[in-house]
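J.:
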Amino acid sequence: MTAALRLKLENIVKEYPGCRANDGIDLTVEAGEIHALLGENGAGKSTLMKVIYGVVQPDEGRMLWNGHEVRVENPAQARSMGIGMVFQHFSLFETLTVAENIALSLPPEEARDRGALDQRIREVSERYGMALDPRRYVSTLSVGERQRVEIVRCLIQETTLLILDEPTSVLTPQEVTALFSTLRQLAKEGCSILFISHKLEEVRSLCHNATVLRQGRVSGDCQPAELSAAEIARMMVGDDTPISTQVSTAEPGDVLLDVRNLNWKSNDPFGTSLDQVSLNLREGEIVGIAGVAGNGQDELLKALSGEIRTDSGSMRFADTDLGSLAPDQRRKLGVAIVPEERLGRGAVPEMSLADNALLTASGQGLVERGMIRFGKVREFSREVIRRFGVRCTGENSAAGSLSGGNLQKYIIGREALQNPRLLVASHPTWGVDVGSAVAIHEALVRLRDEGAAIVLISEDLDELYQLCNRLGALCHGRLSPLAPTAELSIEQLGQWMAGEFESGEVAHAAA
Amino acid sequence: MELLTNILAATVVAGTPLLLVALGELICERSGVLNLGQEGMMLMGAVAGFAAALSSGSLVVGLAAAILAGIGMSLLFAFMAVTLAANQYAAGLALTIFGTGLSAFLGAGFVGQSIDGFTRVAIPLLSDIPVVGRVFFDQDPLVYLSLLIFACVAVFLRKTRGGLLLRAVGESPEAANANGLKVLVVRYLAVAFGGGMAGLAGAYLSLAYTPLWTENMTAGRGWIALALVVFATWRPERVLLGAYLFGAASILHLVLQGLGWKSSTELLAMLPYLVTILMLVLLSWNPARTRLNTPLSLGQPYRPGR
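The listed protein sequences correspond, in order, to chains A and B. Mapping of the first sequence onto UniProt numbering: position 425 corresponds to residue 425, and the numbering continues sequentially without gaps. Mapping of the second sequence onto UniProt numbering: position 155 corresponds to residue 155, and the numbering continues sequentially without gaps.
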């Protein structure tokens, strides 16, 4: 790979109030190179990309493009130079068609003839194996298809540097394989690719070179294929953080939760309805629900928590009919919920940690005869902070001032200290640093060993395989059968995530 | 038959100011900006138009003054709501209160004066068609203008790149910015168009509908237009329909009174508002279609650069 230098960054500095997001970063990408940018959340990856793509301006540093110094004022300029970007949270307009979305990012003279544009979209998408219908509304596309729209949009503009921000986090394993072969084809044709990720195995299989960021600085450059995932992880997190959890085997007890043919119809025309969802859960086991975002995960969590009401009779919890109970009644029975959004649903950002504890733990003797026992609230809150290693200035700090990982530890800890019989956790380690993720995993396993039943909804397949006794997947609001983790291949799970439940049904799935 | 034709013709006239202001607000809201200042901008347009026409003796000068007054007011709003990213509801309400007061103050000297307003100009041949000819082709020039603007707005929204830009910015300013679109410019232009149209609608009242100036002469039409745009699910055809429905109902109550209908005038005066909203509520039934046309970012201030 002795190709021309496509992009060179020298000493990029970008400061936000209270945080130096990029602190003197150097980076080089050659033509036809697939270059990984690795780092934890908050390491400065997103900021660096925004600098390259002209969304924000660096405070210091130089950027060389094909050997010439440039200053990228805005994304339009970046695109005209040949830099394309696929955002993690897609920058598509749902109420417009595929062709309209693409037309918006083209120069007006190229977008005028819609017929010709449709034809071009078809050609490019077929050439790279990403079939797309230009006339469809984006709101009707799956997440994987939306990503194709973003990539095709870049390719149609003769992009020579394609930036992908965590592109695989929303895809099934099969879709990831297809994406990678597209990217390899592109690289062969001379397009450079900057691949942002924190999934080390993917980076090792795809990327030629990698730059690792930690706390806004480059902590190392490497050829990922020649290092082990653990060695790269060390570069990401530093020396003093544990990077993996040891999970003991579980010994499940009696069936605690039995959901049969749960149906729920969404009012939102583009929302997901739950369709004949059945699952059972024993004491002392973790059941994982995989699936691409937006396939009913949130609805399932809400149905279990009582935020949406379903027909009574379809959910039995121990000896009670769960469906007829309100959320607070379910909580009294020992059902604990950790929703996906930490700020706004899991905790109230403006309120102190102590007050947030009161919100779900009021049943733990924190309220007596209608009066709040502030001493006990503080004590409870301090206990959570101590036991779960929450880094904060004390129980009076506002929930919104904590980092994602620390707040999540607090929320999990708050629920764990109430000795729940059933814990439903959605994406508990999403956007959480590695150290906190390990702590959260350990907390879940400890709860399981104490006899609690846990439903773990996640998009992180590594996490699911590591922690769960049985696994299933949601697709379009339908739940696949649940299979023991050890007997479920990742290919099979991928098919389930894509909605192919019939293929190779596992015989003892009902166990 | 004669009576029916006249009622229909009067319906179009009564619906026209509403159509004008609602089309302006439609464009404005499609960019994601909710301007509650319609009433204030209309009143300023009405008084500016009347004053300019009276002093210059030219109705066209009056129209131009009204449009400029509307645009001026809307730019004031845009500075607060777009540039400073202030709360759009508060800024819009302030604009209405400001416009109501200022127009009354400026117009105090014009109360009681009158001018020769726009009169009917029949279009040759077309106006000879029975009923339709009288209703649509034997009206004052501003009615023709309103229909022309309606057609332009409808085509602009669906068929042009500008319309695509507008819809994109209204759905998601963040995504629009990430795509390199100039969100603030689009929003400014949309707000200014809304202001110009509100000014024009005000001028229609003071130069054509009733060629004189009275305080608060818009009588809540700005507010009705706001409701109209929402219930018309941001589609120009439905705005047209709703505006004429309102016109019909407001004529109807005059007709009913004329026929000696024994009912309280207050109840009858309520009729247009009630009928329009009921009808549009029934029309906006299909949630999927509605969602495709709803500007999702409506009412949310946007600060670029993060």
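Every residue gets a Cβ at the ideal spot worked out from N, C-alpha and C, and that includes glycine. Quantities reported herein were computed from a predicted structural model and do not represent experimental measurements.
Can you give me the C-alpha to C-alpha distance between Ala336/A and Arg446/A, rounded to a whole angstrom?
T.: Here residue 336/A is taken as the residue at index 336 of the first sequence, counted from 1. Here residue 446/A is taken as the residue at index 446 of the first sequence, counted from 1. Cα to Cα, Ala336/A sits roughly 15 angstroms from Arg446/A.
J.: Taking 9 angstroms as the CB-CB cut-off, is Ala510/A touching chain B?
T.: Within the first sequence, the letter at position 510 stands for residue 510/A. Bear in mind that the predicted position of Ala510/A carries a pLDDT of just 39, short of 50, making it unreliable; the figure below should be weighed with that in mind. Chain B contact via Cβ: absent.
J.: What's the C-alpha gap between Phe93/A and Asn179/B?
T.: Taking the first sequence and counting its residues from 1, one reaches residue 93/A at position 93. Taking the second sequence and counting its residues from 1, one reaches residue 179/B at position 179. Going by the C-alpha atoms only, they are around 10 angstroms apart.
J.: Is the beta carbon of His35/A closer than 9 angstroms to that of Thr168/A?
T.: For the purposes of this step, residue 168/A is identified with residue 168 of the first sequence, where counting begins at 1. For the purposes of this step, residue 35/A is identified with residue 35 of the first sequence, where counting begins at 1. Cβ atoms of Thr168/A and His35/A: not closer than 9 angstroms.
J.: If I follow the unbroken alpha helix (DSSP H) through Leu155/A, where does it start and stop?
T.: Here residue 155/A is taken as the residue at index 155 of the first sequence, counted from 1. Its alpha helix (DSSP H) spans residues Val143 to Leu155.
J.: In chain order, what residues of the same chain lie with their CB nearer than 8 angstroms to the CB of Ile251/B, ignoring the 5 residues before and after it?
T.: Here residue 251/B refers to the residue found at position 251 of the second sequence. Contacts found: Ile7, Ala10, Thr11 and Ala14.
J.: Are the C-beta of Ala48/B and some C-beta of chain A separated by less than 9 angstroms?
T.: In the second sequence, residue 48/B corresponds to position 48, counting from 1. The C-beta of Ala48/B comes no closer than 9 angstroms to any C-beta of chain A.
J.: Considering only the beta carbon of each residue, do Gly99/B and Ala203/B sit closer than 9 angstroms?
T.: As a working note, residue 99/B is residue 99 in the second sequence. As a working note, residue 203/B is residue 203 in the second sequence. Cβ distance not < 9 angstroms, so Gly99/B and Ala203/B don't count as in contact.
J.: Under three-state DSSP, which class holds Val98/A?
T.: Residue mapping note: residue 98/A aligns to position 98 of the first sequence, counting from 1. Correct three-state label for Val98/A: helix.
J.: Any beta carbon from chain A within less than 9 angstroms of Ala288/B's own beta carbon?
T.: The residue given as residue 288/B occupies position 288 in the second sequence. Ala288/B counts as touching chain A.
J.: In chain A, which residues lie with their C-beta within 9 angstroms of the C-beta of Glu171/B?
T.: Position 171 of the second sequence, counted from the start, is the residue given in the question as residue 171/B. Residues of chain A whose Cβ lies closer than 9 angstroms to the Cβ of Glu171/B are, in chain order, Phe93, Glu94, Thr95 and Leu96.
J.: Leaving out five residues on either side along the sequence, give the residues of the same chain with a beta carbon under 8 angstroms from the beta carbon of Met63/A.
T.: For this step, residue 63/A is matched to residue 63 along the first sequence. Excluding positions up to five away in sequence, the list reads Leu7, Lys8, Leu9, Glu10, Ile12, Val51, Ile52, Glu69, Val70, Arg71 and Val72.
J.: Suppose contacts are defined by Cβ-Cβ distances below 9 angstroms. Is Asn263/A in contact with Ser273/A by that definition?
T.: Residue numbering aside, residue 263/A sits at position 263 when the first sequence is read from its first letter. Residue numbering aside, residue 273/A sits at position 273 when the first sequence is read from its first letter. Yes.
J.: Measuring alpha carbon to alpha carbon, tell me which residue in Arg112/A, Pro173/A, Glu189/A and Arg146/A is nearest Glu158/A.
T.: The residue labelled residue 158/A in the question sits at position 158 within the first sequence. When each option's Cα is compared against that of Glu158/A, the closest is Glu189/A.
J.: List, in order along the chain, the chain A residues whose C-beta lies closer than 9 angstroms to that of Arg303/B?
T.: Locating residue 303/B in the second sequence gives position 303, where the first residue counts as 1. Those do not exist, as Arg303/B stays about 13 angstroms from chain A at its closest Cβ, beyond 9 angstroms.
J.: For Asp258/A, list the residues DSSP reports as bridge partners.
T.: Position 258 of the first sequence, counting from 1, holds the residue named residue 258/A. Per DSSP, Asn280/A and Arg316/A.
J.: Using a Cβ-Cβ cutoff of less than 6 angstroms, which residues in the same chain neighbour Ser127/B once the five nearest sequence positions on both sides are dropped?
T.: By one-based count along the second sequence, residue 127/B stands at place 127. Close CB contacts of Ser127/B within its chain, under the 6 angstroms cut and outside five residues either way in sequence, are with Gly133, Phe137 and Asp138 (chain order).
J.: I need the boundaries of the beta strand (DSSP E) containing His68/A, first residue and last residue.
T.: Within the first sequence, the letter at position 68 stands for residue 68/A. Taken as a continuous stretch (DSSP letters only), the beta strand (DSSP E) holding His68/A covers His68 to Val70.
J.: Which partner residues does Lys14/A have in the DSSP bridge list?
T.: Numbered from 1 along the first sequence, position 14 holds the residue referred to as residue 14/A. Per DSSP, Asn22/A.
J.: In chain B, which residues lie with their C-beta within 7 angstroms of the C-beta of Arg136/A?
T.: Taking the first sequence and counting its residues from 1, one reaches residue 136/A at position 136. Within chain B, no residue comes near Arg136/A; the closest Cβ sits about 12 angstroms away, beyond 7 angstroms.
J.: Exposed or buried, which one is Met217/B when buried takes at least 16 other CB atoms within 10 Å?
T.: By one-based count along the second sequence, residue 217/B stands at place 217. Buried, because 16 or more other Cβ atoms sit within 10 Å of the Cβ of Met217/B.
J.: Using the three-state DSSP reduction, which class does Leu38/A fall into: helix, strand or coil?
T.: Your numbering for residue 38/A matches position 38 in the first sequence. Per DSSP, reduced to three states, the secondary structure at Leu38/A is strand.
J.: Any beta carbon of chain B sitting closer than 9 angstroms to that of Ala76/A?
T.: Start at 1 with the first residue of the first sequence, and residue 76/A comes out as number 76. For Ala76/A, the answer is yes, since a Cβ of chain B falls inside 9 angstroms of its Cβ.
J.: Who are the Cβ neighbours of Thr47/A in its own chain at under 6 angstroms, not counting the five residues just before and after it?
T.: The count along the first sequence starts at 1 and reaches residue 47/A at position 47. Contacts found: Lys14, Ala21 and Asn22.
J.: Going along chain B, which residues have a C-beta under 8 angstroms from Ala111/A?
T.: Within the first sequence, the letter at position 111 stands for residue 111/A. The contacting residues are Arg161.
J.: Note down, one range per segment and in chain order, each alpha helix (DSSP H) of at least 4 residues found wholly within the stretch 204-255 of chain A.
T.: 229-237
J.: Return the residue from the list Thr5/B, Glu25/B and Leu3/B that minimises the CA-CA distance to Pro231/B.
T.: As a first step, residue 231/B must be located in the second sequence, where it is residue number 231. This sequence places Phe at residue 231/B; Pro is not what is there. With distances taken between Cα atoms, Phe231/B lies closest to Glu25/B.
J.: Counting contacts by CB-CB distance shorter than 9 angstroms, is Glu237/B in contact with chain A?
T.: Taking the first residue of the second sequence as position 1, residue 237/B is located at position 237. It does not: the Cβ of Glu237/B has no partner Cβ on chain A nearer than 9 angstroms.
J.: Return the residue from the list Cys154/A, Glu500/A, Glu33/A and Tyr410/A that minimises the CA-CA distance to Thr360/A.
T.: Numbered from 1 along the first sequence, position 360 holds the residue referred to as residue 360/A. Here the closest residue by C-alpha is Tyr410/A.
J.: I want to see whether chain A comes within less than 9 angstroms of Thr294/B, judged by CB atoms only; does it?
T.: Translated into the one-based positions of the second sequence, residue 294/B becomes position 294. It does; some Cβ of chain A falls within 9 angstroms.
J.: Which residue wins for smallest C-alpha separation from Gln300/B, given the options Ser263/B, Gly199/B, Thr214/B and Leu184/B?
T.: The count along the second sequence starts at 1 and reaches residue 300/B at position 300. Cα-wise, what sits closest to Gln300/B is Leu184/B.
J.: Specify whether the stretch 243-261 of chain B and the stretch 272-279 of chain B touch according to this definition: at least 3 beta carbon pairs, one from each stretch, less than 8 angstroms apart.
T.: Judged by Cβ distances under 8 angstroms, the stretch 243-261 of chain B makes contact with the stretch 272-279 of chain B, as three or more pairs qualify.
J.: Val55/A touches chain B at which residues, Cβ-Cβ below 7 angstroms?
T.: Numbered from its first residue, the first sequence carries residue 55/A at position 55. The contacting residues are Ala178.
J.: Buried or exposed, going by whether 16 or more other CB atoms sit within 10 Å of the CB of Leu162/A?
T.: The count along the first sequence starts at 1 and reaches residue 162/A at position 162. With 16 or more other Cβ atoms within 10 Å, it is buried.
J.: Report all residues from its chain with a CB closer than 6 angstroms to the CB of Ala78/B; omit the five preceding and five following residues, and keep chain order.
T.: Here residue 78/B refers to the residue found at position 78 of the second sequence. Taken in chain order, the residues that qualify are Tyr188 and Val191.
J.: Which chain A residues are close to Gly120/B, counting only those with a beta carbon under 8 angstroms from its beta carbon?
T.: As a working mapping, residue 120/B is identified with position 120 in the second sequence. In the sequence on display, residue 120/B carries Arg and not Gly. Neighbours of Arg120/B on chain A: none; closest Cβ ~41 angstroms, over 8 angstroms.
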